[in-house]
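Single-structure report; data block below.
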Amino acid sequence: MAQRPLLIPGYPRILHGGDYNPDQWLKTPEVIDEDFRLMKLAGCNTFAVGIFAWTSYERQEGVFDFGWLDSVMDRMAAAGNKVVLATPSGAKPAWLAKKYPEVRRVTREGLREPHAGRHNHCWTSPVYREKVADVNARLAERYAQHPALGMWHISNEYSGECYCELCLASFQAWLGRRYGNIEALNEAWWTAFWSHTFTSFDEIDPRDLSVDSLKLDWRRFISDITIDFMRAEMAPLRRFSANVPITTNLMGTCTASDYSKLVAELDLVADDQYPAYSPDAADLERDVVQVAFKDDVHRCFKPDRPWMLMESCPDAPQWRHPVQLKRPKLHQAEMLQALGHGAEGTCYFQWRKGRAGGEKLHGAVVDHAGHEHTRVFQSVAELGAHYENLAEIIGSKAQAEVALLYDWDVRWAFEAAEGVRSQHGEYLSAAVDHYTPFARHGVTVDVLAVERDFSRYKLVIAPQLWLLAPGVVERIRRYVEAGGTFLTTYYSGYCDSTNRCFLGGFPGDGLMSVLGIWNEETDWLPAGSKRRAVSRPEASDLKLQSEYATRELCALVKLQGASALLDYADDFYAGSPALTRHSYGAGTAYYQAAQLASPFLHDFYGALIEQLDLPRSLGRELPAGVAVQRRASASHEYLFLQNFSQQDQTLSLPASGYFDLLQQREVRGALQLGAWDSTVLRRSR
Ligand code: GLA
Ligand code: GLA
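Here the sequence shown is numbered in the working numbering, starting from 1 and rising by one per residue.
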């Protein structure tokens, strides 16, 4: 097995620490002294510094002072810690916003925003780019060789859009490059609709919501210009510190920019996550699986590298109401869940609570009390101590034989369309529905953008594959022909890459022939309505129940070579197929016409897991509430186990010879996990 790079070259430790803002405490140096004492006690080694520190470097335009940062960097190096040094573009100085109004965004309504908040600079503004490049270059030049510099943290949680004249012109130029001439755009966008035929690119306004191809291209443009801005930020860093990895903190499955494209520019993937696991949750399993799904999205962005949680919270964030305290043990369980899904660092927002400002009551390692004798500090310190024993997991990898296609571009196109049930994150929700049975079985799933190569997997699942970019169907066809098992659902294959519907029947572009069906219509029922779907004898190998309830979407399909496995039992479509299977080449293609969640997906994928012999972390379905992830190195396998339930669990393990890395002892017989308990087991391969 090839060696994986470390998150920080030459630093083989699990990264543990957090966002650290000494720039807020410069008048009380004794607090900073205390921080360095507490960092050791907390078992923390990595700190993101300077994220919002611009005014502390450049109090007045062109007058720079990096004194405090010099001192913090030196102290970090002396302590053996690493700094994730940020570029400060996430929050701009007031003097800058006042002197150069163009750096402030313009709203959809055409109003220039006041100087306020953060994360709200114009992507296009040459002045902002110049100012950012300047401060970034100074940081890079000054600290490139500093022993404490572990990686760069570009800006903070990039997101948002601006409608200023500069951005509009930039969008029009982007369209010009994309389409070459206005006739090609008119054709691609179907602009005869409502007399939208354009005669020149400068007539196009992204605030027009009536042309859904325009809406899609605006999302793509915003994504591209965000990435372009990030690239501009990175240039001076690359120039002065070519060997220092660069990352930025992402936000799960946020749709602000196409993360699958954005991460291609970065060396490392870092995500921010604030799970709210609670004994009072309406559906705790869903909460846990949603986080697992996002972990796998991030793990798969760069499969040959570890990723890290850049932000999480050892307690409760102030913005989530109610502000329910994190229950004892849950913090460890959350962090081990991320490591199980391939992370090799878990850091916090925030190291210390500020005295004032909007986040003064946001959970932190160090509370206003200021010492280590708090419940939260102790839980962080306990985890920090465990991380010393867990360092050997570094370099081990998850292995998946199932791919689930989850794609930003598909999602944007779907959400741009009128007349489909796309609100409230329906696309993400469907992906999580299909992911859930695998989590219950402890089967690792790779979550991939559609353009990624999926040919090696035993099973490929593509829920709501609304948009088909050129070549996608050909890749699906070859995959199935060669023996693959493929599943897609209602709302698939409607549109091409400029959001025009395929003509000749859905799913278009030839996907119908792989699936052996034609999806003629889709019935969207009122919320909470259900129809029944009943099993047919053809489904006997799947051991399905005799009947399932659908949810609100019931696609009506005609068989064109496939066989029906489930039929609808109600309404005017009683007797027509709700689930089909088509043998195609050496493989099999399923079409799930009815929106069916649990228990159908659980039964169906349970059968496929057996038929395709997909490896399960414990060799069988997991007990309710238990999550288990598997990572392996050439010599060892590691099981990460979390009991996200309030019941004690007794788990029989798939083999003998496990060693509990947290308890530092052999596991004899079954493993006991109390409520919210978590641990990591090792076994030789
Ligand atoms: C109105 C308009 C039509 C069309 C329909 C859609 O009646 O006149 O152009 O938009 O609504 O229902
Ligand atoms: C985000 C930001 C942080 C902080 C936290 C609070 O993740 O990146 O700066 O505001 O939220 O939860």
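Note that the Cβ used here is the ideal one computed from N, Cα and C, for glycine as well. None of these values were measured; they are calculated from a predicted model.
Which term fits residue 501, buried or exposed, when burial requires 16 or more other beta carbons within 10 angstroms of its beta carbon?
exposed
Please classify residue 319 as buried or exposed, where buried requires at least 16 other C-beta atoms within 10 Å of its C-beta.
exposed
Nearest candidate by alpha-carbon position, reference residue 30, set 227, 482, 314, 370
370
Considering residue 501, what are the terminal residues of the beta strand (DSSP E) in which it resides?
No beta strand (DSSP E) contains residue 501, which DSSP labels as neither H nor E.
Taking 9 angstroms as the cut-off, decide whether the C-beta atoms of residue 46 and residue 81 are in contact.
Taking 9 angstroms as the Cβ cut-off, residue 46 and residue 81 qualify as a contacting pair.
Which residue spans inside the stretch 160-194 form an unbroken alpha helix (DSSP H) run of at least 4?
165-179, 182-189
For residue 145, tell me which candidate among 242, 55, 71, 50 has the shortest Cα-Cα distance.
242
Taking 8 angstroms as the cut-off, is the beta-carbon of residue 317 closer than that to any non-hydrogen atom of ligand 2?
With a cutoff of 8 angstroms, residue 317 counts as near ligand 2, since its C-beta is closer than that to a heavy atom of the ligand.
Compute every distance between the C-beta of residue 153 and the non-hydrogen atoms of ligand 2, then say whether any falls below 8 angstroms.
Incorrect: residue 153 has no Cβ contact closer than 8 angstroms to ligand 2.
In the DSSP assignment, find the unbroken beta strand (DSSP E) run with residue 577 in it and report its ends.
577-584
Assuming residue 230 and residue 154 form a contact by the criterion Cβ under 8 angstroms, report the distance between their Cβ atoms to the nearest whole angstrom.
6 angstroms
Could you give the first and the last residue of the continuous beta strand (DSSP E) run that contains residue 271?
Counting along the chain, the unbroken beta strand (DSSP E) around residue 271 starts and ends at 269-272.
Helix, strand or coil at residue 215 according to DSSP, with G and I counted as helix
Taken through DSSP and simplified to helix, strand or coil, residue 215 comes out as helix.
What residue range is occupied by the uninterrupted alpha helix (DSSP H) comprising residue 300?
284-301
List in chain order: all unbroken alpha helix (DSSP H) runs of 4+ residues lying wholly within the stretch 342-423.
375-390, 408-416
Which word fits residue 126, buried or exposed, when buried means at least 16 other C-beta atoms lie within 10 angstroms of its C-beta?
exposed
Please confirm whether any heavy atom of ligand 2 lies closer than 8 angstroms to the CB of residue 272.
yes
Identify which residue in 248, 111, 334, 250 has its Cα closest to the Cα of residue 645.
334
Can you tell me which residues form a DSSP beta bridge with residue 495?
467, 501
If you draw a straight line from the alpha carbon of residue 372 to that of residue 123, how long is it in whole angstroms?
42 angstroms
Would you kindly check if the distance between the Cβ of residue 467 and the Cβ of residue 413 is under 9 angstroms?
Annotated as proximal: residue 413 and residue 467, with beta-carbon spacing under 9 angstroms.
According to DSSP, is residue 591 helix, strand or coil?
Strand, per DSSP.
If contact is defined by three or more beta carbon pairs under 8 angstroms, each pair taking one atom from either stretch, is the stretch 445-464 in contact with the stretch 396-409?
yes
Are there 16 or more other CB atoms within 10 angstroms of the CB of residue 438, so buried, or fewer, so exposed?
With 16 or more other Cβ atoms within 10 Å, it is buried.
Bridge partners for residue 506 per DSSP, in chain order?
519
Looking at C-alpha atoms only, which residue of 418, 105, 283, 209 is the closest neighbour of residue 160?
105
Let me check understanding here. Comparing Cα to Cα, which of 511, 205, 308 lies closest to residue 561?
It is 511.
Beta-carbon contacts of residue 275 that lie in its chain and below 7 angstroms, excluding the five residues immediately before and after:
287, 291, 334
Whole angstroms is fine: what's the gap from residue 434's alpha carbon to residue 608's?
Approximately 13 angstroms, taken between the alpha carbons.
Between the CA atoms of residue 566 and residue 285 - distance to the nearest angstrom:
27 angstroms
Best match in 217, 164, 56 for proximity to residue 185 [C-alpha to C-alpha]:
That would be 217, whose Cα lies nearest to the Cα of residue 185.
Integer Cβ distance of residue 129 from residue 232, believed to fall under 8 angstroms:
5 angstroms
Neighbourhood of residue 258 by C-beta, 7 angstroms cutoff - its chain only, sequence neighbours within 5 removed
223, 408, 409
Alpha carbons only, please: which of 315, 424, 220, 344 is nearest the one belonging to residue 271?
344
Tell me the DSSP bridge mates of residue 638?
631, 682
Euclidean distance between Cα positions of residue 198 and residue 177
16 angstroms
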